[in-house]
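Residue numbers (the working numbering): 2 to 114.
Inspection log for the structure reproduced underneath, given as structure tokens.
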Amino acid sequence: MSESAIPPRADRVTVTIEEELKNSYLAYAMSVIIGRALPDVRDGLKPVHRRILYGMWETGTTAGRGYKKSARIVGDVMGKYHPHGDQAIYDTAVRLAQDFSMRHPLIDGQGNF
2 MSESAIPPRA DRVTVTIEEE LKNSYLAYAM SVIIGRALPD VRDGLKPVHR RILYGMWETG
62 TTAGRGYKKS ARIVGDVMGK YHPHGDQAIY DTAVRLAQDF SMRHPLIDGQ GNF
């Protein structure tokens with residue numbers, strides 16, 4: 002490697018590893034909170050809510066059609082849009098069906114939902 006490829010000392014920024022990790026972790030934590038944990042202002046839904054509703058719409062699970070098993074819906078959503086495990090999808094689907102959790106229930110839970 003030639004000497005011209007290495008930048009001179011004046012162009013380098015010296016940062017301790019502790020300071021860099023602190024700043025990087027804070028930036029990552031804020032992006033997770035804003036991107037996943039807080040509901041969107043436009044519709045009040047989190048990304049996992051949106052994924053479930055879109056997955057249900059895509060499979061034809063609408064108000065005018067018959068019920069489908071929750072395992073089918075969860076499997077489709079997990080396979081296509083949310084590859085992080087089924088527990089979060091089940092919990093979110095149940096929450097979307099509860100009238101005391103949402104202002105208007107978005108899913109009609111049927112049977113032992």
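The beta-carbon is built from N, C-alpha and C at its ideal position, and this holds for glycine as well.
- Two segments are said to touch when three or more pairs of C-beta atoms, one from each, lie closer than 8 Å; by this definition the stretch 77-93 touches the stretch 47-64.
- Across the structure, V49 and R66 are spaced so that their CA atoms are roughly 23 Å apart.
- The Cβ-Cβ distance between G110 and V95 falls below 8 Å.
- When DSSP states are grouped into helix, strand and coil, T15 belongs to the coil group.
- Going by C-alpha positions, A38 is about 39 Å away from D12.
- C-alpha of L27 to C-alpha of Y68: approximately 44 Å in a straight line.
- Distances from the alpha-carbon of Y82 to those of R51, V33, D41, M31 put R51 closest.
- In this structure, K47 is the residue among I35, H85, K47 with its C-alpha nearest to the C-alpha of M103.
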